[in-house]
Each structure stands twice: as C-alpha cells, then as structure tokens.
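Okay, structure first, notes after.
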Amino acid sequence: MIFHPNLTTLNHTIAFHARHTPEHAAILTPTGATVSYGELHQRSTRLAGALRSAGIRPGDRIACLGRETPSYWELLFAASATGAVLVPINPALSAVEVEHIVDDADAALVFIDHDHSLAGLTGRTEIITDLPSFTAWRDSGSDAAPFEGHPDTPIAQLYTSGTTGLPKGVVLGQRSFTAIRDALGNANLDWIDWRDGDVAMIGIPGFHVGGLWYATQAFHAGATVFSMPEFDAVAARTAIRSLGITTAIVVPAMLRQILDAPGSLSDFTTLRKIIYGGAPITESLLRRAARDFGADFAQIYGLTETGNTAICLPPDQHGPDSTRLRAAGRPYPGVEVRITDEDGTPVPQGEVGEVWLRTPAAMLEYWNLPEATADTLIDGWIRTGDAGRLDAEGYLFIEDRVKDMILVAGENVFPAEVENALAGHPAVNDVAVIGVPDDASGEAVLAYIVPHETIPTSRELALFLRDRLAAFKRPTQYLFVDKIPRNPSGKILRRTLREQHWRDRDRQVN
C-alpha cells in the first residue's frame with residue numbers, strides 16, 4: 006500500500022509528487038495524452054496566481070460546470086493553493102438549477118467548458134476552460150507561496166438535493182479526503198489500496214463525493230487518474246484494454262453497461278480491483294461482474310454529508326459463497342455506526358432503524374443553513390435518512406430509506422423537487438412522486454397526477470419539465486388518479502403509493 010500520512014492537504018499532495026516523481030503521469034486523457042505531476046503542479050500554481058490576481062481570496066467560492074478534463078483537476082489544486090472552495094456543478098442540470106447553485110454559493114468565478122456554456126449568469130464572470138484564452142489566462146498567474154490550510158479548511162462544496170426541493174451546499178474540509186485514507190493506512194487494511202503503476206478510472210463524476218474522493222485518493226498515492234469526460238460503456242471498455250486501467254470506481258448501472266458492451270473478457274486483464282457504490286446492486290449482477298471482470302470487488306457506502314465513504318464491504322466478503330453480498334459492509338477504522346428509532350435512541354441489534362454515522366471525514370456544515378446542519382449533524386453523528394440493520398458481527402444492511410430519495414443510476418432524485426416543478430403546470434391539480442423498480446437504472450421516477458379538468462399527456466408534461474429539471478430527475482412514467490393519499494396533516498403517504506410497485510420485492514431498494 007502507498008501511504009503518505011504527511012500529506013494533510015491537497016497542497017502537500019501535489020507538491021510532494023511534483024518533487025519526488027515529476028515525470029509520472031498524474032492525469033491520463035481518453036486520447037492517451039498525459040499530464041505529469043510536475044506539469045499539474047506548475048499549471049495549478051500558475052492558476053492559483055491568476056485566481057489571486059482576479060481577486061479570489063481564502064473562503065471564496067469558484068464554480069466549475071463541465072466534465073473532469075485536466076483543467077478541472079487544475080482548478081481543484083489551485084483552489085487548495087489559494088484557500089478557495091471549489092463548487093463542482095452537474096452539467097446535466099438545467100440552466101435554472103445551475104443558476105440557483107451559483108447564486109446560493111455566491112461564486113465569484115464560474116469556469117465552464119464550451120459544451121455547457123450558458124447564456125450568461127447574472128453578475129458572474131464566466132471563463133471557458135477549453136479555449137486557448139483559458140491557457141493564456143492561467144499562465145499569466147505569477148508563482149506565489151500556497152495558502153497554508155489545515156484539515157478543517159474548506160476545499161469543496163458539493164450540492165445535494167433536499168426534501169425541501171432545493172439543493173443544499175455540503176461544505177467539505179481537507180480532512181474529508183485524508184481521514185479515511187489515514188485510518189486505513191494506520192490499520193494496515195487493503196480494502197482500498199494502491200500499488201505502483203496504478204491507473205484509476207473514475208467512472209463516478211467529480212461533482213459526486215464518490216468520484217471526487219476516489220480521485221483524491223489516487224492523487225495522494227501518486228497514481229494516475231483517468232476521467233472520462235462523459236461515461237460511455239464502449240469507451241470505458243476500450244480504455245480499460247488500451248490504457249491499462251488497473252482500478253476503477255463505478256455505480257452498478259455502469260458495471261452492467263460495461264459488461265453488456267461488445268468485446269471479449271480479455272479486455273479486462275489489467276483490472277485488479279473495482280470499487281462500486283452509489284446505489285444498491287443486485288446479487289445476480291454482482292456475481293456476473295465477479296465472474297467476467299476477474300477482479301477484486303469492494304462496495305462503498307457513504308453520503309455527501311459523511312464527506313467520504315464510511316462503510317466498506319471488502320473483497321474477502323465477495324466470494325461466491327458469501328452470505329453478505331447484500332450488505333453495505335462494515336465501518337472503516339475510526340468510523341462508528343448505530344441504528345436508532347425515530348427519537349434517536351439506539352435499537353437492539355438486528356432491528357431496523359435509521360442509520361447514524363460518526364466519521365472523522367464528516368462535512369463541516371450545510372452552506373448558510375445552520376438549522377439544516379443542526380438537524381443532520383448531531384453531536385458528531387450524521388443522520389443518514391437510510392433505514393438499516395446491523396448483524397451480530399457489525400455488518401450494515403440497508404433495507405429502505407427513511408427519507409424519500411430516489412436513486413436513478415446513482416443519481417439522487419428527491420420527490421419534492423420534481424413535485425414542485427410539476428405543480429407549476431396548469432393542468433396539474435395535485436402530484437406525488439415515488440421511485441419504482443427499474444432493471445436498467447435501479448429505480449425510475451413515477452409521478453401520480455391529479456389533473457384539473459383536462460388530463461395532460463405524458464409528452465406535454467415531459468416537454469414542460471425539459472427546461473426545468475435535469476433529464477435524470479424527470480418522470481419516465483405518469484399515472485393519472487383522482488386523489489393523492491395523504492395523512493391528516495397533509496403529508497403524502499408515499500409508502501401507500503409504493504406498495505403496489507414494490508410488494509413482490511424482498512427489500513424496498515433496488
């Protein structure tokens with residue numbers, strides 16, 4: 006295992022590897038081009054100087070809308086060198102959603118690649134990252150001593166939807182990307198390990214905590230990071246074969262797509278470990294993946310709010326005779342888990358309740374939302390909103406979700422946000438949104454609609470949502486009903502709606 010506990014911030018990481026292995030590839034692109042650690046350090050240092058010249062100071066937010074091209078990673082290290090906070094934005098979001106995040110973060114600068122450029126964000130300076138003008142702007146920066154941060158210095162602000170329907174900014178400190186690394190290294194566990202020559206494929210995007218976490222672990226270890234600008238199963242399979250990918254992080258839907266893509270099993274000969282998470286996986290897919298990939302598997306579980314993965318099902322529990330393939334795993338060293346009732350009181354072992362996690366990588370806060378922070382972060386514990394149970398040996402099994410989140414191919418969709426958008430259609434009188442089983446994406450979004458006098462068509466509703474919600478949030482099915490079931494206080498009885506779609510399933514996630 007490559008373990009550098011002295012690298013406590015991203016500043017330390019890039020400087021260390023630029024000094025010791027300057028020619029080693031830090032970033033590998035789909036074309037096979039590389040950016041060495043020495044080059045990445047030089048570019049990010051100059052970019053930090055350009056940010057300072059543009060007025061960026063410690064604590065300022067800089068947003069990035071686009072894919073994980075080399076400039077994205079340059080921005081991450083430059084943010085660390087200036088004390089700024091990087092706000093990665095999902096490029097699949099609509100213009101309205103993007104503008105809300107930029108405004109909420111009060112981003113001083115917005116970096117955008119040309120494929121996702123917007124028609125101007127009110128009062129924001131936009132910089133296109135994949136044009137020659139960006140290179141000239143970056144290289145105009147003068148070298149200066151980097152900002153000396155510490156483990157609690159904010160470095161990233163990731164937006165996750167909430168039950169209010171508005172995304173919340175989860176502020177993560179430098180320790181979110183080092184604490185679990187240190188715990189594993191100090192315990193000499195190889196659940197998530199690194200070896201000389203590793204090339205890591207980051208299938209999960211950088212605006213997700215899983216993708217950002219795994220990339221930073223690769224950088225800490227001095228490995229090579231390969232990020233696909235946009236996931237494509239055929240391209241991923243080709244990259245694994247032609248670029249010598251040794252380790253990868255993906256969501257289960259990506260695993261299935263890669264396996265279904267044309268090719269031969271020899272495509273996977275360089276793969277030694279696959280990390281998966283972000284959504285539940287079926288045992289049949291996991292057994293097929295283990296057979297065809299021929300690699301070790303590790304499942305991860307965590308939230309944006311936990312700042313990192315917190316639970317891991319290690320490779321030794323992925324054997325064909327394992328009784329724990331349905332488990333999320335066990336806590337990392339230094340991470341605690343407990344199962345509670347609705348009042349926060351721990352329940353007996355084996356009973357289902359809400360999963361609470363305590364981790365040294367936990368978020369610092371929800372940005373500008375002290376009440377929401379206090380509701381989620383309690384005495385160092387993170388309330389996950391997931392329902393689960395612990396077996397006698399401390400393995401966590403996720404059974405359902407206390408909150409109403411829907412997981413579509415690893416993407417979080419919250420019903421309230423979709424309901425709020427649909428309620429704006431003049432033909433919609435009432436609406437309720439739930440997740441239903443879907444073999445391809447895990448869950449699909451289903452909307453129950455109580456219409457006004459005229460029943461709208463599904464196409465009409467889909468067109469209405471096109472500019473209001475990202476594609477993955479839009480319902481794929483609509484059911485028109487006379488009434489939405491609600492309790493006396495007016496809350497939607499989602500369990501009642503879900504029952505008919507999930508009654509034949511032995512657990513209420515897919």
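Here the working numbering is used: the first residue of the sequence shown is 6, the next is one more, and so on.
Even for Gly, the Cβ is constructed at its ideal location relative to N, Cα and C.
Proximity to residue i [Cα-Cα], best of the options
i: GLU102; options: VAL433, ILE19 and THR165; result: THR165
i: ASP154; options: PRO351, THR18, VAL175 and ALA333; result: Residue identity differs from the one stated: residue 154 is Gly in this sequence, not Asp. Closest by alpha carbon: THR18.
i: CYS69; options: THR14, PRO151 and GLN162; result: GLN162
i: THR50; options: PRO151, PHE139 and GLU73; result: PRO151
i: VAL268; options: LYS278, ALA244, ALA258 and ILE280; result: Looking at the sequence shown, residue 268 is not Val but Gly. Among LYS278, ALA244, ALA258 and ILE280, the Cα nearest to that of GLY268 is on ALA244.
i: ALA467; options: LEU33, GLU79, ASP265 and GLN482; result: GLN482
i: LYS478; options: LYS488, ASN417 and TRP142; result: ASN417
i: ALA476; options: TRP507, ALA426 and ARG499; result: ALA426
i: GLU404; options: GLY355, ALA38 and ILE497; result: GLY355
i: LEU369; options: TYR453, GLU359, ILE383 and SER446; result: ILE383
i: ARG471; options: HIS506, VAL423 and SER446; result: VAL423
For residue j and residue i, believed in contact at Cβ under 8 Å, the rounded distance
i: ARG388; j: THR381; result: 5 Å
i: ALA23; j: HIS9; result: No, ALA23 and HIS9 are not in contact; Cβ-Cβ is about 13 Å, not under 8 Å.
i: ALA226; j: TRP196; result: With a Cβ gap of about 14 Å, ALA226 and TRP196 do not count as contacting.
i: ALA188; j: TYR337; result: 5 Å
i: LEU56; j: ALA83; result: 6 Å
i: GLY174; j: ALA240; result: Between ALA240 and GLY174 the Cβ distance is about 32 Å, and since that is not below 8 Å, they are no contact.
i: ARG66; j: ASP118; result: About 19 Å separates the two Cβ atoms, so there is no contact after all.
i: LEU330; j: ASP297; result: Between ASP297 and LEU330 the Cβ distance is about 16 Å, and since that is not below 8 Å, they are no contact.
i: PRO172; j: HIS121; result: With a Cβ gap of about 17 Å, PRO172 and HIS121 do not count as contacting.
i: PHE231; j: LEU33; result: 4 Å
Coil, strand or helix - residue i by DSSP
i: GLY216; result: helix
i: PRO325; result: coil
i: VAL438; result: strand
i: ASP201; result: coil
i: GLU44; result: helix
i: ALA192; result: helix
i: ASN425; result: helix
i: GLY390; result: strand
i: HIS271; result: The sequence given here places Ser at residue 271; His does not occur at that position. Here SER271 sits in helix by DSSP.
i: TYR337; result: coil
i: ILE19; result: helix
i: SER232; result: strand
i: GLN222; result: helix
i: ILE2; result: Since the first residue of the chain shown is 6 and the last is 515, residue 2 is not available in this structure.
i: TRP372; result: coil
i: ARG473; result: coil
i: PRO320; result: helix
Cα-Cα separation, residue i to residue j
i: ASN11; j: ALA238; result: 37 Å
i: GLY202; j: ASP346; result: 47 Å
i: PRO210; j: PRO234; result: 9 Å
i: PHE212; j: TRP386; result: 24 Å
i: PHE469; j: THR134; result: 32 Å
i: HIS323; j: GLY282; result: 14 Å
i: VAL214; j: VAL413; result: 16 Å
i: ASP272; j: GLY249; result: 9 Å
i: PRO442; j: LEU451; result: 10 Å
i: ILE61; j: ALA89; result: 7 Å
i: SER85; j: THR252; result: 26 Å
i: GLY390; j: HIS29; result: 42 Å
i: ALA294; j: LEU264; result: 7 Å
i: MET259; j: GLU458; result: 42 Å
i: THR168; j: ILE132; result: Bear in mind that a pLDDT of 48 at THR168, under 50, signals an unreliable position, so the model cannot answer this.
i: ASP326; j: ALA303; result: 16 Å
i: LEU395; j: ALA332; result: 9 Å
i: ALA428; j: PRO375; result: 28 Å
i: PHE419; j: ARG406; result: 12 Å
i: THR13; j: PRO480; result: 43 Å
i: ILE439; j: ARG499; result: 7 Å
i: THR274; j: PRO353; result: 45 Å
Assigned exposure category for residue i - 16 Cβ within 10 Å defines buried
i: PRO96; result: buried
i: PHE485; result: exposed
i: ASN16; result: buried
i: ARG491; result: exposed
i: SER289; result: exposed
i: GLY190; result: buried
i: ASN373; result: exposed
i: ASP141; result: At residue 141 the sequence reads Ala, which differs from the Asp that was named. When all chains shown are included, ALA141 counts as exposed.
i: GLU79; result: buried
i: THR36; result: exposed
i: GLN222; result: buried
i: THR364; result: buried
i: ILE497; result: buried
i: ASN193; result: exposed
i: THR158; result: buried
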